[in-house]
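Q: Attaching a single structure in C-alpha cells format; questions to follow.
This is the structure:
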C-alpha cells in the first residue's frame, strides 16, 4: 500500500454517490487510483473500482476441511491405536459419537484460520503504524487517493482538475 | 438479484442524522466522564463481583460440601446457572449471524451489544462447571493434551466433553466475530482521540484505514463467520441438551431436547438483550438508534420462541403419557405436581403465558411492558432449567434415596455474583467501545434513516433517496 515518503494527493467527498461517480469518471479518464477510503463498506464500489471478489471464503473452506480431518483423525487415532478403551460395550471406532467434536473443530479451524488470514493479508495487526491521510475518513468523508510521488506538476494539476470537476469537497496533498 | 428495496420500510434511525451525527452520538459515551447512574451501577456490579470471588474462594477452600448438593441431587444451582447463562449467550450470535444472513437491517442497532453480551454470558456460564469440578487448578484436564499418564486421553464419546469443545469454540468464534466487527469502530474512536487515548485505540484498532479492499474482505469475512456461527450457535445448545438427553434418566432421556433447548436459549437471550438495551438506550441516550421498531422486532422473536418452548413443554407431557412407560409418566407427573411444583408453574407462567401478551401491538411497543416481561422471561427460563435438573434428580429410581434440595448461601452467592460480574463487564464495555456498530449503522442510513423513508422523509432528499435505492440492490 503506502510506503515511506509517498506523496499522496487526495480528495474528500461528502457522499458515497459522489464518490462512486468520481471513481467511474477516473476510470473513464484512465487515472490510476492508489486507494479509496470510506467510513463504511460502500456497496457497488468494488466493481467500479475493478476489485476482484475476495477469495477469503476459499481459504475458509480449506481451513475448515483441515479442522474436520484433524478432529476426526485425532479421535480415531486415540481410540483405535493409541489407547483404545471400551465404553459401555460400544465399538472402539464409534463414529456417531465423534460427529459433534468433528463439527466444532471444523468451525474452530475455519474461523480462526480465516480471521488470522484476513488480518495478515490486510496488514492489520496491533502496533501497525498506518499512514493516515485524514481523521475524518473514519467519520463522514469518502476519499480517493492518488500516488503523486513521481508525478510532474502538470499531472498533479490535472488530478486537481479532476477533483474539482467531480465536486470533491476538499483537495489535499500530503507526504506520508 | 437486483430487487429494489420495498417502499415500506421501518425507520431504524431517527432524528435526521448525518454520518457525522452518527459518529458523534455513538462515540461520545466513550469520551465523556461517566454519568452518575453509570458510577452507581458500576459500584454495585463491582461489589457483587467481589462477593462472587469471595464465594468462589469459599467453595474452593471448604470444598463442594459448602453447597447443598447431596448424593441424590448432584446437580443443582450450579448446572442450572450454567445452562441459563449459556442460553442467554445465544442471542448475540443469533442477532449478528442469522439476522445478517437474512439481511435484517434492524440488527445493526443491537448487534454489537448483543455480541458483547454473548461473550460475557459465556464467561459467566463457563465458571460453573469449572468450579463444580472441585479442584479448579486441575480444570485443564478436560482438554486432550499429551500427558505423562500414558498419555491418557479424555473420553471423546462423552457429551460432557462435547460440551467442552462446543463452548470453547463458541466463545472463541464469538470473540473473533465481535472483535472483527469492532475494529473499524475502534478506528473511528481513535481518529477522534488524542494523546494516550489515541495510542491505546491505535493498538486496539490494528491500524485500520478504511481502504476499499479491506472493507471488501471485512464484509466477506463477516459473512462467512456468520455462516459458520449459525450452525455453531444451534450446535452449542444442542450439545448442552445432550448432557441431559444422552443420559438414561427418565425426564432427561428425550429426543425433543435439542430443538427445545435451542428455542429456549434464543428466547432467554432475546429477553436479556431487551433488558440490557432498554437500560443502555436510556442511560446513553441512544433512543434514536435503538428505536421502538427494534424493540418490537425483538419482541416478535420472543413471542415466537416462547410459543415454540410452550409447544415443547406440552409435547413432552404428551409423549410421556403416550409412551405407556410408568417411569417416564411418573417423571413428568412429578415434574408438574411433585415437590417442586411451584417451580413448574412458575416456568409455565413466565415462559408460556406471559410472552403471549406480545401478540398485542401496544404491549410489544411499550417500553415498560417490554422491560417487565423481559425480566419475567428470564426468571421463567431459570425455572425451566431448575425444573429439568432438580425435580428429575430428587426423585430417582429408588424411593429410599429420594431427597430434597435447596441451595446454600454460597450457591446463591455464586449466582448473584455472576450477575454482578456480567454487568461489571458490560458496563466497562459501554465505556471503552461504541455500544452500537457505528459503521454498520452508517451503511443503512439511506435506507432506514427517517429523512429518507417514513412519514418525515424530505422531498429535498428525493435525489439521494433514489440513489440509495440504487445502491442497495445487492443480492
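Residue numbers (my numbering), protein chains in the order written: chain R, 12 to 187; chain Z, 473 to 947.
Where is the CB? At the ideal position from N, CA and C, for every residue including glycine.
(1) Using 9 Å as the threshold, is the C-beta distance between residue 126 of chain R and residue 693 of chain Z below it?
(2) Tell me whether residue 155 of chain R sits in a helix, a strand or coil according to DSSP, three-state version.
(3) Quick one, are the C-beta atoms of residue 815 of chain Z and residue 859 of chain Z less than 9 Å apart?
(4) Starting from residue 24 of chain R, trace the alpha helix (DSSP H) both ways and give me its first and last residue.
(5) Could you tell me which whole beta strand (DSSP E) segments of length 3 or greater appear in the region 780-841 of chain Z?
(6) From Z:644, Z:709, Z:674 and Z:527, pick the residue whose C-alpha is nearest to that of residue 697 of chain Z; which is it?
(7) Can you find at least 3 beta carbon pairs, one from the region 776-792 of chain Z and one from the region 728-737 of chain Z, that sit closer than 8 Å?
(8) Which residues of chain Z have a Cβ atom closer than 8 Å to the Cβ of residue 89 of chain R, listed in chain order?
(9) What number of angstroms, rounded off, separates the C-alpha of residue 592 of chain Z from the C-alpha of residue 748 of chain Z?
(10) Determine the direct distance from the alpha carbon of residue 750 of chain Z to that of residue 655 of chain Z, and round the result to whole angstroms.
(11) Looking only at its own chain, which residues have a Cβ that is under 7 Å from the Cβ of residue 158 of chain R, when we skip the five neighbours before and after it?
(12) Under 9 Å, CB to CB, which of the residues in the region 893-914 of chain Z have a partner in chain R?
(13) Nearest to residue 152 of chain R by CA position, among Z:610, Z:634, Z:660 and Z:572, is which residue?
(14) What are the start and end residues of the alpha helix (DSSP H) that includes residue 114 of chain R?
(15) In chain order, what are the residue ranges of uninterrupted alpha helix (DSSP H) at least 4 long that sit wholly in the region 689-720 of chain Z?
(16) Taking C-beta to C-beta, are residue 174 of chain R and residue 61 of chain R nearer than 9 Å?
(17) Just the C-alpha distance for residue 881 of chain Z and residue 54 of chain R, rounded to the nearest angstrom, thanks.
(18) For residue 617 of chain Z, count neighbouring Cβ atoms within 10 angstroms of its own Cβ and tell me buried if that reaches 16, exposed if not.
(19) Count the other CB atoms, across all protein chains shown, that sit within 10 Å of the CB of residue 621 of chain Z; report buried if there are 16 or more and exposed otherwise.
(20) Distance cutoff 9 Å, beta carbons only. Does residue 576 of chain Z sit that close to anything in chain R?
(21) Check whether chain Z comes within 9 Å of residue 158 of chain R, counting only Cβ atoms and requiring the distance to be less than that.
(22) Per DSSP, residue 48 of chain R forms a beta bridge with which residues?
(23) Which chain Z residues are close to residue 68 of chain R, counting only those with a beta carbon under 7 Å from its beta carbon?
(24) Compare the beta carbon distance of residue 759 of chain Z and residue 503 of chain Z with 9 Å and say whether it is the shorter of the two.
(25) In terms of alpha-carbon separation, which member of R:29, R:114, R:70 and R:130 lies closest to residue 84 of chain R?
(26) Quick check on the burial criterion: 16 or more other C-beta atoms within 10 angstroms. Buried or exposed for residue 946 of chain Z?
(27) Taking its Cβ as the centre, do 16 or more other Cβ atoms sit within 10 Å of residue 819 of chain Z, making it buried, or is it exposed?
(28) Checking the sheet assignment: what are the DSSP bridge partners for residue 485 of chain Z?
(29) Does DSSP put residue 183 of chain R in a helix, in a strand, or in coil?
(30) Just to confirm my understanding: we take residue 136 of chain R, look at its own chain, exclude 5 residues before and 5 after, and list those with CB closer than 7 Å. What are they?
(31) For residue 34 of chain R, which residues of its own chain have a beta-carbon under 8 Å away from its beta-carbon, when the five flanking residues on both sides are left out?
(32) Please report how far the alpha carbon of residue 601 of chain Z lies from the alpha carbon of residue 28 of chain R, in whole angstroms.
(33) Do residue 839 of chain Z and residue 888 of chain Z have their C-beta atoms closer together than 9 Å?
(34) Quick one, which residues of the region 677-688 of chain Z are near chain R if we go by CB-CB under 8 Å, in chain order?
(35) Run through chain R and tell me which residues come within less than 8 Å of residue 634 of chain Z, C-beta to C-beta.
(36) If you run the structure through DSSP and keep just helix, strand and coil, what is residue 628 of chain Z?
A: Looking at the coordinates:
(1) yes
(2) strand
(3) yes
(4) It is not in any alpha helix (DSSP H) - residue 24 of chain R instead sits in the beta strand (DSSP E) that spans 18-24.
(5) none
(6) Z:644
(7) yes
(8) 616, 625 and 628
(9) 12 Å
(10) 25 Å
(11) 17, 19 and 45
(12) 910, 911, 912, 913 and 914
(13) Z:660
(14) Note, residue 114 of chain R: alpha helix (DSSP H), 106-133.
(15) none
(16) no
(17) 56 Å
(18) exposed
(19) Here residue 621 of chain Z is exposed: its Cβ has fewer than 16 other Cβ atoms, across all protein chains shown, within 10 Å.
(20) no
(21) no
(22) Per DSSP, R:154 and Z:683.
(23) 692 and 696
(24) no
(25) R:114
(26) Interpretation of residue 946 of chain Z is limited by its pLDDT of 39, a score under 50 that renders its predicted location unreliable; no figure is taken from the coordinates.
(27) Under this definition residue 819 of chain Z is a buried residue.
(28) Paired residues: Z:921.
(29) strand
(30) 130
(31) 44, 47, 56, 59, 60 and 155
(32) 53 Å
(33) Against a cut-off of 9 Å, the Cβ pair of residue 888 of chain Z and residue 839 of chain Z comes out as no contact.
(34) 678, 679, 680, 681, 682, 683, 684, 685, 686, 687 and 688
(35) Simply 111, 112 and 115.
(36) coil
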